[in-house]
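In the numbering used here, the protein residues as written are 4 to 640.
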C-alpha cells in the first residue's frame, strides 16, 4: 500500500513543484500557458481551474467553457463551474450562464437560471419559478426579478402567497410573513397582524382574526419563538389563551418549548415546567432533560422515573442503562442495578466502561484491522481519484482534496474505504479517521484507523513536563483536531489542541516564552507545548480533577465554576451528565473515552475511567483495567 523509497522521493519532487505552481496560481502569477507545463499531470485540471478562478473576472468565456467541457463532471470541473456561474451572473452574461448551467440546489443559481430564461417563460419556466417561490426562508435578491415577472404574468396569486406565508409560519420567520403579506390583495392587514404577533406575542388575540388552522399556527409559532427568549412570559400567555385558541397538540408544543428553555439553564421551576408538558409532546431530547433536571437536584427517584418514561430504544442505550443502574444502586436495588451494569458494559464507550468499573470487570473492546487482501490494497493504491486527493492534501489544497475524496469514496466498498483511510493516515491526512469512518457499524471497531498515533514524542515530553497523562493529551488532541496541524475553527481556535491566539499568547507569557503570533499555533510542537501548559493550568484551577479541567478547556473556566457552585455535591459521572451545554457534556465524555483508547493503544490496558476522571493514575499494574472481546453488543465509542 505504501510507495517504495524511490517512488516516495520522486513524488516529493513532483509534489514540491506542484505546490509552487499552485502558490503562483493563488497569487495570480501563473497563466494558462505556464500551467500547461503540467498538462500531463493528474492535478492539471485543478491547477487550470485555480488559474482561471483567480482571473475569473477577466477570463474570456470561451476559454472557461472550453476548460469546463474538458473537465466534465469531475470535482475540479464542478468547483470551477460554480465559480464561473457566479461570475456570469455578475456580468449578466446569460448566454455563457446557459452554456455552463447543469442544475443546482443553490437558490441564487436557480434564480439566475430563471433570469437567463426570462425570454421564454413557458410552462416549465412557470413551474420552476413556482418551486423556487415555495420556501419558508428568505431568498436572495437575485430572485426578485424572476418572481416579479411571475407575478406580472398573473401566476403569483394570493393563494400562492398564502402558501409561502404558511411555510414561513412553520419556520417561525415573522419577517418573511410581513414581507410576503404586504402584497396580498385582500388580506395584507391580516398578514401584518400575524407577523406582529409572531415577533411580539400579546395577551389579547385580535378579534379580527379568523378562527382557522392558520391563526392557530401563528399563535403556536409566536409563543414557541417567545419561549426561547422568555419562557416565563410565554408560559403566562399560554395559560391566558382561550380554550379554543389553539388545539391540545399545539399547547403541548408550546409547553415543550417553555420547559426546554427553562430547564436548559436549570432555572427555578424547571420541574414544574417539565411536568406541564403532556407525555405525547415529549421526544428523546426532553426525556433526557427531565432526567438531568432531577439529577441536578439530587432527586434519584425522580430521575429513575424519568428514565422509566423513555421509549425502549432510548432507555436501552448504554448511557441510560448505566444511569438507571447507578440510580437503582443508590436506592438499594443492587440486583437490578447489577443486571443493568452488565448490559451497559457490553458496549465499548464512556458509559459502558464506567459500568465495567462498577462491576470490576475488563473493558469490552473488539478491535478489527483493515483488509490486507492484495486486490483490495491494489485497487486503492491505483484509484485515480484517491491519488489526486492524497496529492492535493500533501501540497496543502485541503478543500480540493476533500472534494476529490468525497467523490472517490462513493465508488469504494467498505473494505476499500477503510484501506483508503489507512493510506490517508500514512500521508498525514488524519481527519479521514473521522470523515472516512462511520458509514457502517463495524467502522467503530477499527481503532487503529479511528485513533491514529502521531506527534507521539512531543505529546509524551510535554505531557510529562506538565504532569499530565500522555493518553489524556492524545485523546484531547484527537477530540480537538483529529491530529490536523492546520485545523482552524470558526472561533479561530488553531492547530492540534485548538488554542485561540489570545490563549496562546497568555500561556506563552506565563511560561516565559517568546510569542511568535497566531500562525505559530500551526506548528505542532509549539501547539502541544502551549496546549499542555494551558490544560495543566485548568487542572490546577479545578483541584486536580480532569473532568472539570476538560470541561473548562472546552467551555471556558467561568461556566464550569458556575456549574460547580450550583451542584457541588454531584459525583463526577452525574456532574458530567448534568452539564447544561450539550457540546461540553459530550466533549468531556468523548475526551475521557478517547483517553482510554489511547491508553490501550499505548500500553495494552488502561487506567480505570472512574479513576481517570478524578486524576488518579494507579502505578500498580494490577489496578489497571484489561480489555476483552466478550459479550459485545454495540460499539458506541
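Don't be surprised by glycine CBs; every beta carbon is placed ideally from N, CA and C.
Query, Result
"Answer yes if the region 439-447 comes into contact with the region 391-399, meaning at least three C-beta pairs across the two stretches below 8 Å, and no otherwise.", "no"
"Span of the alpha helix (DSSP H) holding residue 114?", "110-119"
"Starting from the N-terminal side, write out each stretch of the beta strand (DSSP E) that is 3 residues or longer and does not extend beyond the region 476-523.", "none"
"Relative to the C-alpha of residue 179, which candidate in 210, 200, 140 and 268 has its C-alpha closest?", "140"
"When you compare the region 131-150 with the region 185-203, are there three or more beta-carbon pairs, one atom per stretch, that lie closer than 8 Å?", "no"
"Taking buried to mean at least 16 other C-beta atoms within 10 Å of its own C-beta, is residue 621 buried or exposed?", "exposed"
"What are the boundary residues of the alpha helix (DSSP H) that includes residue 257?", "251-266"
"Here's a check: name, in chain order, each residue in its chain whose Cβ is nearer than 8 Å to the Cβ of residue 480, leaving out the five neighbours to either side.", "458, 462, 486, 499, 500, 531 and 534"
"Which stretch, first to last residue, makes up the alpha helix (DSSP H) that contains residue 210?", "Looking at the DSSP string, residue 210 is not in any alpha helix (DSSP H), and its letter there is neither H nor E."
"Closer than 6 Å by C-beta to residue 120: which residues in its own chain qualify, once you throw out the five before and the five after it? Chain order, please.", "128"
"Which residue wins for smallest C-alpha separation from residue 632, given the options 522, 384, 592 and 351?", "351"
"Would residue 274 and residue 296 be called neighbours here (beta carbons separated by less than 9 Å)?", "yes"
"Short check: CB of residue 584 to CB of residue 473, under 9 Å?", "no"
"I need the straight-line Cα distance from residue 22 to residue 52, nearest angstrom please.", "15 Å"
"Ends of the alpha helix (DSSP H) at residue 614?", "612-615"
"For the putative contact between residue 343 and residue 303, defined by C-beta atoms under 8 Å, what is the C-beta separation to the nearest angstrom?", "That belief does not hold up - the Cβ atoms of residue 343 and residue 303 are roughly 14 Å apart, past 8 Å."
"Using the C-alpha atoms, what's the distance from residue 269 back to residue 203?", "25 Å"
"If residue 645 sits next to residue 218, beta carbons under 8 Å apart, how far is it from one beta carbon to the other, in whole angstroms?", "Because residue 645 is not part of the residues shown, which for the chain are 4 to 640, the question remains open."
"So is residue 549 in contact with chain C if we call contact Cβ pairs under 9 Å?", "This model lacks chain C altogether; it includes just one protein chain."
"To the nearest angstrom, report how far apart residue 80 and residue 148 are at their CA atoms.", "29 Å"
"Specify whether the region 243-253 and the region 553-560 touch according to this definition: at least 3 beta carbon pairs, one from each stretch, less than 8 Å apart.", "no"
"Quick check: what's the CA-CA separation for residue 8 versus residue 433?", "Bear in mind that the predicted position of residue 8 carries a pLDDT of just 36, short of 50, making it unreliable; the figure below should be weighed with that in mind. Rounded to whole angstroms, residue 8 to residue 433 spans 22 Å at the Cα level."
"Inspect the CB distances between the region 601-617 and the region 564-571 and report whether three or more fall short of 8 Å.", "no"
"Spatial neighbours of residue 529 within its chain, please: CB distance less than 7 Å, with the 5 preceding and 5 following residues excluded, ordered by chain position.", "523"
"For residue 649, count the other beta carbons within 10 Å of its own beta carbon; 16 or more makes it buried, fewer makes it exposed. Which is it?", "This structure gives no information on residue 649, because the portion of the chain shown stretches from 4 to 640."
"Counting along the chain, where does the alpha helix (DSSP H) carrying residue 372 start and finish?", "Premise fails: residue 372 is in no alpha helix (DSSP H) and is neither H nor E."
"Looking at C-alpha atoms only, which residue of 372, 161, 221 and 424 is the closest neighbour of residue 389?", "424"
"Locate the alpha helix (DSSP H) running through residue 432, then write down its first and last residues.", "It is not in any alpha helix (DSSP H) - residue 432 carries neither H nor E in the DSSP assignment."
"By how many angstroms is the C-alpha of residue 386 removed from the C-alpha of residue 68?", "28 Å"
"Would you grab the beta carbon distance between residue 597 and residue 454 for me? Rounded to a whole angstrom, and I think it's under 8 Å.", "7 Å"
"Identify whether residue 10 lies in helix, strand or coil by the three-state DSSP scheme.", "In this prediction, residue 10 scores a pLDDT of 39, lower than 50, which makes its location untrustworthy; the coordinate-derived value is nonetheless stated afterwards. Residue state, collapsed to three classes: helix."
"Cβ of residue 324 within 9 Å of Cβ of residue 341?", "no"
"For residue 478, which residues of its own chain have a beta-carbon under 6 Å away from its beta-carbon, when the five flanking residues on both sides are left out?", "594, 597, 598 and 601"
"Taking DSSP's pairing of strands, which residues face residue 630 in a bridge?", "366"
"Could you pull out every residue in the same chain whose Cβ sits closer than 6 Å to the Cβ of residue 185, ignoring the five residues on either side in sequence?", "191"
"Going straight from the alpha carbon of residue 66 to that of residue 429, what length do you get?", "38 Å"
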